[in-house]
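Numbers -19 to -1, 1 to 263, taken from mature numbering (1 follows the signal peptide of the UniProt record, and there is no 0), label the letters of the sequence shown in order.
Note that beta-carbon positions come from the ideal geometry of N, C-alpha and C, so glycine has one too.
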Amino acid sequence: MQPKIIAIIMLMLVLTSCGHPVEPAPTATVSAPIAENQPIEGPTPVSASAPTPTQAPVVIGPALSVSQAYNIKEHVTYSGARSNQKKVVALTFDDGPDTKYTDQILNLLKKQNITATFFVIGEHAAAHKDVMKRIISAGHEIGNHSWSHSDLTKLDEQQLEAEIDKTDEIIQSLTNQPTTLLRPPYGALTQQVVEYAEKSHKIVNWSVDSRDWEGISTERILQNIKKEVKPGAIILQHSAGGKNGNLSNTVQALPQIIAYLKEHGYQFVTVSNLISQNVPTQ
């Protein structure tokens, strides 16, 4: 019997050695996120990529820590406070001044006793100082919209500074005070643009785009505003430029826009008053 027992034991050892060894599972890791393009609002969307942080494996666990991308949107004002207690909006007009549409828009605003904010292009302001003086004397606010409407995200540091600084200089020469607002052309931003602009400006884009620059009908402009407007809205329109240089649709739509907003209890303020909540009570 002893030889049989030994044989059985030997057979069992051989069988167990035939199994496949199980390799230890690798440590679970996840790469730190790469900054994605920031969403850009405006007529011609332009990619505003934040710098890509260095990728580093991060062990999954309770103490997970990942690099945070530079969040451009945190540095931009899109609207004022959403308060139904103070239903206010800010009308804003880009790309002027000119001697045709800006004057017509000023006439309409004067008739309605409304103040607005004009984000002006520096070279246009320098060429049409009389219109600028009219904007200022009517109590409207002036903001910086670059010198030549260049995409600031595609400029080197020196070019970027010139686009902003030259426009500031012409505005201050006419208003006797610096402008504190900047709206980048196309709403396009990068970290470099934000960091330079924020030294002396608040960056202001918009929450409602009328799309008037597309040459759409007066009815569609009004529909775009009705669809998006809320208390605290910053409404984008234009006082120069437009499709094929034609902004007659804006001029025709403006009285209807004002009538609609008044009918729904809105009051009109400048951007600075809107975002500082220095607005009248109803």
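Beta-bridge pairing by DSSP links N125 to V101, L163. Cβ contact annotation for H109 (same chain, cutoff 7 Å, sequence separation greater than five): P78, D79, T80, in chain order. CA-CA distance, G223 to N52, rounds to 31 Å. Ranked by Cα distance from V189, the first of K211, E176, L255 is K211. DSSP, read as helix, strand or coil, puts Q85 in helix. Looking at the DSSP output, H219 shares a beta bridge with D75.
For K207, same chain residues with a beta-carbon under 8 Å away, outside a window of 5 residues either side, are Y241 in chain order.
Straight across, the Cα-Cα distance linking I239 with I151 is about 30 Å.
About 5 Å separates the beta carbon of I256 from that of G61, a gap short enough to meet the 8 Å contact definition.
Counting C-beta atoms within 10 angstroms of its own C-beta, P159 has fewer than 16 neighbours from the protein chains shown and is therefore classed as exposed.
Within the same chain, D149, P159, T161 come within 8 Å of S181 by CB-CB distance, once the 5 residues on both sides are set aside. V232 is positioned such that its CB atom lies no closer than 8 Å to that of Y59. D75 places its beta carbon 8 Å or farther from that of H121.
Beta-bridge annotation (DSSP): A214 is paired with S60. For the 8 Å CB-CB criterion, I145 and A119 do not form a contact. When secondary structure is reduced to three states using DSSP, Q93 falls in the helix class. Here H105 is buried, its C-beta having at least 16 other C-beta atoms within 10 Å. Between Y167 and F100, the alpha-carbon positions lie close to 12 Å from each other. Non-local C-beta neighbours of L155 in its own chain, meaning closer than 6 Å and more than five positions away in sequence, comprise M113, ordered along the chain. By the neighbour-count definition (other C-beta atoms within 10 Å, threshold 16), G226 is an exposed residue. With a threshold of 16 other beta carbon atoms within 10 Å, H245 falls short and is exposed. Comparing alpha carbon positions, the residue from A71, H219, R63, H130 closest to Q248 is A71. In the displayed model, I197 falls within coil according to three-state DSSP, outside both helix and strand. Beta-bridge partners of Q140 (DSSP): none assigned.
With a 10 Å radius around the Cβ and a threshold of 16 neighbouring Cβ atoms, R164 comes out buried.
Residue state for K147 is assigned as helix, using DSSP reduced to three classes.
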